[in-house]
Amino acid sequence: MGIMTFNISIGIGLGLFSVIVLAYEKFIIEKMIAIVCSIINPIIMLPLLYMGYGTITMAIVTTVINIVSILINIYFCFKVIKIKVHFEKINYSMLKEIILFSSYIFINLIIGTLYVQTDQFILGIYSGTVAVSIYAIGATFTGYFSGFSSAISNVFLSKVSGMVFNDVCDKDLSNLFIRIGRIQYIVIAFAFSGFFVFGQEFINLWVGSEYNQSYTIAILILIPLIFFLIQGMGGIILQAKNMHGFKTIINIFMAIFNLFLSLIFVQLWGAIGCALATGISYMTGNIIIMNYYYWRKIKIDIVGFWKNILFMSLPLAISLIFGLTINKQLFAESWMFLFFKMIVFSIAFLVLMWITGMNQYEKELLLKGPIKKINNKLKLKSNVA
């Protein structure tokens, strides 16, 4: 506990340097640091565990890797970006605004954790530890999907903040909302369709058939969550406009609503009931209420957004039919066969999305853009030669 408290403390105290890197839109550097640290952690940890070292060693390794990543960010800020720090008197009016702004974000993070932890706590009371473990496996997948969405939308915070500061018209923000939402939908729809088709087989091979209910739990939570995740730019716009207080209030009420629903549904359907309660809460607060707020208060073209999403859902529907047909004929009993089916499904989805779902901008962004960059580099090298 002491080591991890120290780890968290330096992360909070010196984490501003990673935020500075993001503010200067040096996304590749910041993400590469995070990826390398994520890879190095298990590479160092596993041999130490096999050698007999325990939890204290794990905590020390995690802390050291965190310190190294912070030092890299500090070096990059001062040597590459060349930031300069000026110590002046505290601007109390700005400090008050910062505390209020960050308090809403902090409360949202707590509520997000409570959504999952509350259900597991209730299940522990009414259904026992087995139901908790089944629910935990299903809820695990929601974190992966949230990561897909935030990885795209979070990089636009500095851009949106600049647009708001320059007082751009609502139509420009609306167009950005739709454009990024479409890209998020391509990524998340691809991941969700794969999980919808092969998730049951994956869970059976991963943790065993006794966790079959985990698939149903994951689907009940993911369906409404996906509609919320593809609107991640809405939360970014609210932060840029300093209007995210309303979202925090809605999240508080939805957490309470989820608690009451879970208490009722868990006695009827167990772990699946808790998942259904969470899904209904997501749908009510983060989709119905927040979409109305985006439309009326932020002046985002929500109708146009959902028209775009509906049009892009055709390749998703065809892919699901194709994948489910394959599964009906051939059920995977090994990882190798499952991966083979996933590759075939992925090719079918991407081809369908390319032909019927993507517009020219998305095609340039997802495929032609990188190819053009490679060609330009090759031409540059040949000219130098």
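When the letters of the sequence shown are read in order and numbered with the working numbering, they come out as residues 1 to 385. Every residue gets a Cβ at the ideal spot worked out from N, C-alpha and C, and that includes glycine. Fair warning: this is a prediction, and the values are worked out from it, not measured in the lab.
Problem set entry | Cα-Cα separation, threonine 284 to methionine 254 | 8 Å
For this session: Can you give me the start and stop residues for the alpha helix (DSSP H) that asparagine 166 sits inside?
Result: Looking at the DSSP string, asparagine 166 is not in any alpha helix (DSSP H), and its letter there is neither H nor E.
Exercise. Do methionine 243 and leucine 176 have their CB atoms nearer than 8 Å?
Worked result: no
Exercise. By Cβ distance below 6 Å, which residues in the same chain neighbour valine 187 in space, the five residues on each side in sequence not counted?
Worked result: Phe148
Exercise. How would you label methionine 336, buried or exposed, when you count the other beta carbons within 10 angstroms and need 16 or more for buried?
Worked result: exposed
Exercise. Curious, which full-length alpha helix (DSSP H) runs of at least 4 residues does the segment 225–304 contain?
Worked result: 232–240, 245–269, 271–282, 290–296
For this session: Within the same chain, show all residues whose beta-carbon is closer than 8 Å to that of serine 382, passing over the 5 residues directly before and after it, in chain order.
Result: In this prediction, serine 382 has a pLDDT of 48, which is less than 50 and means its spatial position is unreliable; what the coordinates show is noted afterwards. Here the set comprises nothing.
Exercise. In whole angstroms, what is the alpha-carbon distance linking alanine 277 and isoleucine 8?
Worked result: 33 Å
Problem set entry | glycine 273, buried or exposed, once every other Cβ within 10 Å from all chains shown has been counted against 16 | buried
For this session: Output the distance between the C-alpha atoms of lysine 84 and alanine 189, rounded to the nearest integer angstrom.
Result: 43 Å
For this session: Report the residue from Tyr50, Asn286, Tyr135, Met51 whose alpha carbon sits nearest the alpha carbon of proline 224.
Result: Asn286
Problem set entry | Beta-carbon contacts of asparagine 41 that lie in its chain and below 8 Å, excluding the five residues immediately before and after | Val61, Thr62, Ile65
For this session: Go through its chain and collect everything with a Cβ distance to alanine 385's Cβ below 7 Å, but skip five positions before and after it.
Result: Model confidence at alanine 385 stands at a pLDDT of 46, short of 50, so the residue's coordinates are unreliable; what they give is reported in the following sentence. Here the set comprises nothing.
For this session: Report the option in Gly194, Ile309, Cys169, Pro47 whose CA atom is closest to the CA atom of glycine 357.
Result: Ile309
Exercise. Near serine 209, what residues of its chain come up, given a Cβ to Cβ distance below 8 Å and the 5 sequence neighbours on each side ignored?
Worked result: none
Exercise. Taking C-alpha atoms, which residue in Lys31, Asn327, Ile343 lies nearest to valine 155?
Worked result: Lys31
Exercise. Hey, how far is the Cα of serine 18 from the Cα of isoleucine 74?
Worked result: 8 Å
Exercise. Should the segment 254–264 be regarded as contacting the segment 196–216, the criterion being three or more beta carbon pairs within less than 8 Å?
Worked result: no
For this session: Can you say whether leucine 47 is buried or exposed, counting buried as having 16 or more other CB atoms within 10 angstroms of its CB?
Result: Note on residue identity: the sequence assigns proline, not leucine, to residue 47. It counts as exposed.
Exercise. Taking the continuous alpha helix (DSSP H) assigned at glycine 54, which residues delimit it?
Worked result: It is not in any alpha helix (DSSP H) - glycine 54 carries neither H nor E in the DSSP assignment.
For this session: Taking only runs that begin and end inside the segment 125–191, name each unbroken alpha helix (DSSP H) of 4 or more residues, in chain order.
Result: 129–153, 157–165
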